[in-house]
Structures are given as structure tokens and as C-alpha cells.
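K.L.:
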Ligand code: CUA
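Residue numbers (my numbering): 2 to 390.
#1: DSSP state of residue 379, grouped into three classes?
#2: In whole angstroms, give me the CA-to-CA distance for residue 372 and residue 352.
#3: Determine the DSSP secondary structure at residue 187, reduced to helix, strand or coil.
#4: Does the count of Cβ pairs from the segment 331 to 344 and the segment 153 to 173 closer than 8 Å reach three?
#5: Please check the pair residue 173 and residue 112, which I expect to be a contact at CB under 8 Å, by giving their CB distance rounded to whole angstroms.
#6: Judging by CA-CA distance, which residue of 120, 314 and 39 is the nearest neighbour of residue 152?
#7: Taking the alpha helix (DSSP H) that residue 353 falls in, what are its first and last residues?
#8: Would residue 336 and residue 389 qualify as a contact pair, given that the criterion is a beta-carbon distance under 9 Å?
#9: Measuring only the C-alpha atoms, how far is residue 360 from residue 215?
#10: Would you decide whether residue 378 is buried or exposed? Buried here means 16 or more other CB atoms lie within 10 Å of its CB.
#11: Can you give me the Cβ contacts of residue 66 inside the same chain, cut-off strictly under 6 Å, excluding the 5 residues immediately before and after it?
#12: Is it the case that the Cβ atoms of residue 242 and residue 44 are separated by a distance below 9 Å?
#13: As a quick check of your reading: which residues have a C-beta less than 6 Å from at least one non-hydrogen atom of the ligand CUA, in chain order?
#14: Which same chain residues, not among the five before or five after residue 191, have their C-beta less than 6 Å away from its C-beta?
#15: Which of helix, strand or coil does DSSP assign to residue 200?
#16: If we count the other Cβ atoms within 10 Å of its Cβ and call it buried at 16 or more, is residue 224 buried or exposed?
#17: Ordered along the chain, which non-local residues of its own chain (more than five positions away) have a Cβ less than 6 Å from that of residue 293?
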């Protein structure tokens, strides 16, 4: 039975149609649904531009594919070998055809190339002068967000106003970067990002300085975060909302847990957030939280202090020392964040308890050690952290 007559058999056609329908359904099911971090939502100019290029490529690619396959299949059938057929005539060269298959691909490449280059230039352009400046520091394994003009230093949640470009300066932090412990300030960081505001200290080294990649699929493409290099990315959100982000470059054990959120607020709400963040923390007044603040500065059972790494602006230790950031997230407004530990955990008492019992058991590879805290100390610390609104 020939290939064609086999195709004409009704059973085969029905099975083929079913298979095709199932495959198409599977394909398009993946595109639908409510995926918050899809690049296809067209929420920003960036995504609209990229989506436009994607469509040109898909349409042009599909047209070329159908055209080439149609000619190929037609040729295979029309010119297939038949019994007793003489050897076909050999031909060489056809100027018209050769010009055609040079000019047509050239036109297709121009149609794809011109908007592509234009989009690249547009997305790589320096930020508008009214852009909000944010320094993004990739740590192992969490994101630090510093607002140099607002003097805000926060972690894992990047707050931005809607309708205004946000110019990100991206750096990687790790060993060898930034200052030593606050008692002995070192040289400034060799890259442009300075954690610093409001304490003025550059990022200190916890974790190795490795390559990360910053990605908020719903708002923008990716930008690598490379040790010793300063990269930039402009993002903008048109609508208020929470847009999930993720480190997209393998950077060690907890790479998959190196998440973050972009929280877009209306300009008025954003200004309110800024004002709240600029306020320092207030000393706890309630007994359990006061005890927690004591634990926070105490020499912990396994040796070391919370204050060795974590900053809390506005508070001082009992010795009158400011509590400065030294490589770990600034906790000044910790209770106001919805997530912690590289946004791998929702910020609630239960997760905090699991985290403080043994950080690495929750987020493998975490540089926060297991300090051997007693259950009582953990409860006190949680009470204290909950006051840091
Ligand atoms: Cu940082 Cu992957």
C-alpha cells in the first residue's frame, strides 16, 4: 500500500486528527491561564515591544516553514521515482530563481532586523532624568535594594511607583567587597553599587561574589549581575501590582530560592511607602519584644550576634552602637515585608520559627548560621521582629 493511499484510510485520518487536536490543546493550554510571571502579559512598553518582535518572528517563521515544506512535499510526490522511468534531465543554474531566493530572505531579514535593532537601542537607552534610581545588589542568595536618593536600604521586595521608569544599577556582592565590620570601615566597594544608605557602608562580604541574573518576567527582560561589573536595566510598571521575580543565573545551592517581588504602587502610595521606610525603627516597649531585642544583640549559644550582619536603622545596642548592615538584609522594616529568606518564605511566625531553628534546613546553603537558639529565645526574637514595621 502506498503512503498516499494509507493516508486516505479513514481510520488513520481520524487518529491523526485526534492526535493533532490533543497536541494543539496541550500547546495552547500552556499559553493560557493566570501565570503572574509570564512575559506575554504586555503590561509594559518593554514587554509590548518584545512581544511585537516575537510575533513578527513567529509569523515570518511560520510562513517560511509552510512555504518550504509545501514545496518540499509537493516535489517529493510530484517527482518521485516511478518504475521504468528514465533518468531525469540534469539542470544547472537559473538566474531568476537565484535572484528570487536571495532577495526574498533579504527582505524577510530586513523586516525582522530593523525593528529588532530599534528595540535593542530603545531598551538599552539611558534612563530618563526623572527615573527612580535603585541599586540592586545580588547576594548569595537574596536581593538588596538600595534607593540612594531616598536613603532606603531594603531586601527582597522592590517597591516602585507606577508610570515612572526605574533605572536599576546592578552589582554582585561577596567576599572581598565592601567594608569590614562596622568598627573598622574598609575601602569603598570596587563597583558602583553602594549599600549604604542610610548607614553609608558598602556591602560587606557574605557569600562569594558570583554571577546572578535579575528577571521580572512581567515587566522586563533579564540583566546579568556580574562581580566587578556594573550593569543597568530600566523597568517600568503601568499598573499597580505585585510582579514576581527570580534570579535566572545558577549561582550556587540556593539559586532557586533567590526570588524577589516587585511591588508597584501608585505614585501617592509610593511616596507614603518611602516616608515609612525612611523612618527608623522604634525600640520595643512590650516585654517579650524587649527580651527579643536583647537576644538580637547578645552573644548567641553557638557564638556570634544577629548584629554582626543585620542592620536596624534607628536603634542602638545597649553599648550605644548603631546597628549597621554588614552583608545581610537590613531588618529596619522587616515586619512590613511579605517574604524573607530570598523571598522563599512567607513572613509569618511559623516560618520565622523554622528559619531561626536552622536556616540551612529551610534554605539549603544559607549563610545565616544555626545559632543554637532556644525555643524561648526564638519566640522572643519573633516578638521583636514583629515590631519592626
Ligand atoms: Cu542568584 Cu541564581
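Quick reminder that beta carbons are idealized off the backbone N, C-alpha and C, glycines included.
P.N.:
According to the structure data:
#1: helix
#2: 16 Å
#3: Model confidence at residue 187 stands at a pLDDT of 44, short of 50, so the residue's coordinates are unreliable and nothing is read from them.
#4: Cβ pair count under 8 Å is three or more, so yes.
#5: Not really, about 38 Å apart at Cβ, beyond 8 Å.
#6: 314
#7: First-last of the alpha helix (DSSP H) with residue 353: 350 to 358.
#8: yes
#9: 24 Å
#10: Buried is the call here.
#11: none
#12: yes
#13: Near the ligand CUA, meaning a Cβ closer than 6 Å to any of its heavy atoms, lie the following residues in chain order: 139, 142, 213, 248, 250, 251, 252, 256 and 259.
#14: Any reading at residue 191 must be qualified, since the residue scores a pLDDT of 39, below 50, and its modelled position is unreliable; no value is offered.
#15: Low confidence applies to residue 200: its pLDDT is 41, below 50, so where it sits in the model is not reliable, and the reading given next is rough at best. Coil.
#16: Around the C-beta of residue 224, 16 or more other C-beta atoms lie within 10 Å, and the residue is accordingly described as buried.
#17: 381, 382, 384 and 385
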